[in-house]
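Take the first sequence: its letters are residues 1 to 611, numbered as in UniProt numbering.
For each residue, glycine too, the CB sits at the ideal point set by N, CA and C.
Working notes for the structure below.
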Amino acid sequence: MNNIMLSEKQKEVVSFGKGSLLVKASAGSGKTRVLTERICMLAKSTKRRILAITFSNRASEEIKNRLASIDDTLLEKVYVGTFHAFCNYVLEKHGAAIGYKELPHVFSEVEDRMRIVEKAIADTPSLRHLYESKNEKQRNQYKSKSLDVISTIKREVILDEDLTRKINDDEILLYYNYREIMSSLNAIDFDDLLFLTYKLFISNTNIAALYRRNFEYIFVDEAQDLNRAQYMVLRSLTSDENKNVMFVGDSNQSIYGFNGSSSDFMNLDFIQDYNPKVFVLNENYRSTKTILKYANQIIPNSSSLDEVVLEGVTKELCFESVEKETLWVIDKIKLLLQQKKVKDIEGEICTERIAILARNKYVLLPIEERLKKENLPYYYKSSSKGLELSSLSGSIFNLALQVKGNSKDRLHLSQLLNLLKLKNVVSLDDIIKRLENGSIYFETILTILNLKEDGSNFKLCIRQLLSKITNKLLHADENELHIAYSDFNEILNHWLNYEKRTLDRSLISFRNAIALGQTFANNEDKGITLSTVHTMKGQENDIVFLIGMDDMTFPDYRAIEKGGVEMQQEKNNLYVAVTRAKRYLFVTYPLSRIMPWGEVKKRVKSRLLPK
DNA sequence: GAAGGCCCGCTTTTT
DNA sequence: GCGGGCCTTC
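Here you go:
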């Protein structure tokens with residue numbers, strides 16, 4: 001698309017000067033290109049910096065790559081990152097102003113937060129009794145619900161003085177207890193990143209002013225996904241004199257409502273607070289006619305077909321069972337790969353040009369099984385995630401790294417002791433004395449102890465450990481050595497990714513970068529893409545199979561029960577799914593589904609699909 | 001208060 | 001298809 005001329009409307013947006021603007025850009029309308037070209041144009045004219053905020057690491061990587069490909073010095077002037085990454089960056093620099101003398105650790109693992117909320121419940125007398133009367137499963141449900149309550153307070157930016165009006169007393173106590181535990185561990189969670197940054201900016205207007213001076217222009221991609229905390233952070237970054245803010249978004253693609261986001265921030269608050277000039281980009285440069293007509297049946301007038309030449313293929317197919325559905329998809333894929341060249345798709349068909357999408361990951365399991373059997377290459381598109389370690393040594397390293405960087409982190413210290421089956425030890429120095437000299441665990445802890453805080457010898461230490469493993473200089477069984485080797489390699493790769501993008505390095509900031517998913521190597525594996533609709537957002541593929549389109553699966557049965565906004569979000573989700581396809585789209589659904597407990601349930605076509 | 005019967009809900013999406 | 005909650009009954 002980069003070599004195609006910009007349309008008149010796109011040019012208008014790109015060349016828009018100072019002031020606020022709202023660009024309503026439908027799927028495939030070239031919004032990322034408009035965004036990057038405008039950033040590029042402004043970067044040349046301003047002496048100050050530009051802030052470009054995205055929602056996913058994937059999107060920010062894409063923008064960075066595009067900017068670098070236009071001009072590789074651009075990134076010196078432009079900060080591109082997710083809301084969370086930006087807030088982390090602010091707190092790293094100025095957290096001390098709100099009491100974080102040492103860099104807090106970002107606890108992103110749900111398991112960690114579950115343990116902490118469990119303790120918070122135990123510390124809340126009025127809740128403890130109720131909690132203890134529950135069974136395992138209910139306790140987990142209760143913990144998740146509690147985490148959600150805590151999350152909501154922060155997402156909705158409810159300050160302490162307003163809590164009593166909105167939340168009941170027990171929940172307030174729980175919230176305070178959770179906060180106390182987190183702070184005793186010098187830890188913060190995802191919501192804190194935004195909430196604390198907002199608090200920092202309102203309580204230290206000089207610091208906020210610094211950022212306002214620093215960033216002359218602000219861009220927000222996927223603005224329909226903003227939640228209150230994010231919008232408030234953004235507002236504190238602008239002032240009446242300086243509000244050069246560009247929002248790009250599409251209300252029809254709002255699918256993160258469960259996370260507190262609402263397109264109202266873009267459509268109502270932004271318009272009211274910033275009075276932006278509104279642009280509409282609705283020409284679709286991505287998909288073929290049949291696909292867009294189908295999308296327009298799901299959300300009327302969502303895309304204009306004016307610029308579209310190719311017909312493409314869009315088919316809806318119904319099957320007796322999930323098994324038949326799966327087999328058809330596999331056969332169709334095999335056929336397309338055999339045919340190599342098909343109408344309206346230039347070049348040869350290969351597995352990389354095919355994606356299989358579904359509402360949730362469980363729907364993809366039978367397909368995965370079958371792809372494996374047929375030896376067809378595939379990979380799961382994942383959201384950028386942290387370390388995935390499978391060896392004991394890898395987990396020990398990861399825990400010890402956290403303990404080393406944060407002496408207050410008793411949570412991970414106790415997990416570390418559990419793994420090593422040790423008791424009554426409080427420091428890494430003491431731990432190593434209790435381990436057998438030359439064992440892989442000993443060497444792992446030793447490596448951690450040898451690491452310098454600024455990370456300058458990180459690569460060296462890991463490489464030494466790797467070579468000890470290769471040369472079998474360590475005591476451990478064959479299997480552990482084998483997986484440990486690949487784990488430490490993975491850790492090294494995360495470090496290399498971190499090193500590439502960070503100048504001011506330290507072990508703690510490395511750990512936080514991992515938690516925020518910034519060190520994830522985006523070199524996607526080869527093969528057919530398997531993905532949920534949410535993870536596929538902002539991406540595209542020539543041939544898309546959208547499977548499991550039976551009612552109750554897509555829309556999800558819980559959304560049907562709740563109705564209203566939830567159903568609107570399901571519809572948007574379907575619109576996102578359909579518009580991922582560039583040339584061919586196959587929509588399939590089964591008329592029966594075997595439930596996890598063995599019952600065969602009758603199914604009908606999704607109510608969201610065209611009649 | 002124990003035993004027996006009926007009903008309900010099982011796996012969402014992510015920084 | 002199964003475990004658990006909740007209701008009825010003695």
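Bridge partner(s) assigned by DSSP for residue i
i    : result
K433 : DSSP output for K433 lists no bridge partner at all.
N602 : The identity of residue 602 in the sequence shown is Lys, whereas the question assumes Asn. Answer is S592, bridged to K602.
H475 : S439
L51  : Y79 and I218
F279 : V23
H494 : Paired residues: none, contrary to the question.
F586 : K315 and F545
H105 : A187
S126 : Its beta-bridge partners do not exist; DSSP assigns none.
A581 : N541
D550 : K605
Residue burial classification, residue i (beta-carbon count within 10 angstroms, cutoff 16)
i           : result
D111        : Note on identity: in this sequence residue 111 is Glu, with Asp being the wrong assignment. It is exposed - the Cβ of E111 has fewer than 16 other Cβ atoms within 10 Å.
A68         : exposed
K341        : exposed
V117        : buried
R558        : exposed
E325        : buried
Q253        : buried
S29         : buried
N418        : exposed
W495        : buried
E136        : exposed
residue 686 : Look at the range of the chain in this structure, 1 to 611, and you will see that residue 686 is not part of it.
V157        : buried
E320        : exposed
A122        : exposed
N214        : exposed
M1          : Legend: pLDDT at M1 = 45, less than 50; position of this residue unreliable, value from coordinates given subsequently. Under this definition M1 is an exposed residue.
V363        : buried
D550        : buried
Q141        : exposed
K145        : exposed
R511        : buried
H129        : exposed
K24         : buried
A96         : exposed
L399        : buried
Span of the alpha helix (DSSP H) around residue i
i    : result
K160 : Going by the sequence as given, residue 160 is Asp instead of Lys. First-last of the alpha helix (DSSP H) with D160: D160 to K166.
T470 : F458 to T470
R558 : Y557 to K562
S531 : Element bounds for S531: not the alpha helix (DSSP H) but the beta strand (DSSP E), I528 to T532.
I153 : E136 to R155
E521 : What sits at residue 521 in the sequence shown is Ala, not Glu. Looking at the DSSP string, A521 is not in any alpha helix (DSSP H), and its letter there is neither H nor E.
S45  : K31 to S45
S15  : E8 to S15
I98  : Here I98 belongs to no alpha helix (DSSP H), and DSSP marks it neither H nor E.
Cβ-Cβ distance between residue i and residue j below 8 Å
i    : j    : result
K397 : I448 : Here the sequence assigns Phe to residue 397, which means Lys is not the residue at that position. Yes, these two residues count as a Cβ contact at 8 Å.
I207 : H105 : no
T535 : K293 : no
I543 : R583 : yes
T290 : T314 : yes
I98  : L194 : no
L420 : I432 : no
N489 : A521 : no
T529 : W328 : no
L159 : T124 : no
D344 : E311 : yes
L416 : V426 : no
L474 : L481 : yes
Residue range of the beta strand (DSSP E) that includes residue i
i    : result
N541 : N541 to L546
G81  : V78 to T82
V565 : Element bounds for V565: not the beta strand (DSSP E) but the alpha helix (DSSP H), V565 to V578.
A515 : Here A515 belongs to no beta strand (DSSP E); instead the alpha helix (DSSP H) covers L507 to A515.
Exercise. Quick one: complete alpha helix (DSSP H) runs, 4+ long, within the segment 182-252?
Worked result: 190-203, 205-214 and 228-236
Problem set entry | Sequence ranges, alpha helix (DSSP H) only - wholly within the segment 281-349, length at least 4 | List check, alpha helix (DSSP H) in window: 289-298 and 322-339.
For this session: Pick out the complete alpha helix (DSSP H) segments inside the segment 357-438, 4 residues or longer, and give them in chain order.
Result: 365-373, 392-405, 410-420 and 428-433
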